[in-house]
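In what follows, a single structure is set out as structure tokens and then discussed.
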Amino acid sequence: WKIYTIVEDTMEIFKLNKKNKCVFAIKLAERASRYIADTEKLSLINNAIEIALTFVQTEKGNGEVLYNFLDNENNGFTIFQEMEIDEKIRDAWDCIIDAIAYITKEIYLANREKYFPEPIEMVDDTIFTHMINALKLCSSEEVEFLENLYKDCFNNQKA
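If you're matching positions, the sequence shown starts at 552 in the working numbering and goes up one per residue.
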């Protein structure tokens, strides 16, 4: 348990700027997607990540399109998570859903939208704690990845 405490103490997400928070979230979603074996679901995750990356690069995007990956009655990420019986894969979905929710909110904000879907309204920086913990629950080996990713994002904004 000590190693988990170290990660939480050394990662001060609030010190990252908006762009690096988005990059951090995207990288967590990419990493968590390694635990999803279904190629159809992986394709959807990769499509959502591509939209998120485009937003980070261009500061343009459609929040509704990205939100649809989360809340879609046929193939929404939240449906996949609810149907999953393997706890590790459910944790991976938690991380992915949080990351996409965070980017979705940033897109809505960038577009100066007045109203968001209710689940997105509640998203703020505290979601990172849940996102990080969800990835750590997938494997204790993720701790080193998380520490290195945070350092990269933090150092990237200094450059």
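In this text, a Cβ means the ideal position worked out from N, Cα and C, and glycines have one as well. Quantities reported herein were computed from a predicted structural model and do not represent experimental measurements.
- Considering only K702, E615, D645, the residue with the shortest C-alpha distance to E664 is E615.
- Taking a cut-off of 8 Å for Cβ pairs, the region 578–587 and the region 645–659 touch, as three or more such pairs fall below it.
- In the structure shown, T677 adopts coil according to DSSP, grouped into three states.
- F620 and I596 have their alpha carbons spaced roughly 8 Å apart.
- For E692, the closest of R585, A661, H681, L604 by C-alpha to C-alpha distance is R585.
- Distance from the CA of V694 to the CA of K687, rounded to the nearest whole angstrom, comes to 6 Å.
- Between M682 and A576, the C-beta gap is smaller than 8 Å, which places the two residues in contact.
- Between the C-alpha atoms of E672 and D589 there is a straight-line separation of about 30 Å.
- Judged by DSSP in its simplified three-state form, L617 adopts helix.
- Under a 10 Å Cβ-count criterion, I636 is classified as exposed, with fewer than 16 other Cβ atoms of the shown protein chains found around its own Cβ.
- The residues G612, V616, L617, in chain order, have a CB closer than 7 Å to that of I602 in the same chain once the five nearest residues on each side in sequence are set aside.
- Residue range 590–609 is occupied by the alpha helix (DSSP H) that includes N597.
- When N684, A652, N707, C704 are compared, the shortest CA-CA separation from E669 is found for A652.
- Relative to the Cα of I658, the nearest Cα in the group C689, V607, I564 belongs to V607.
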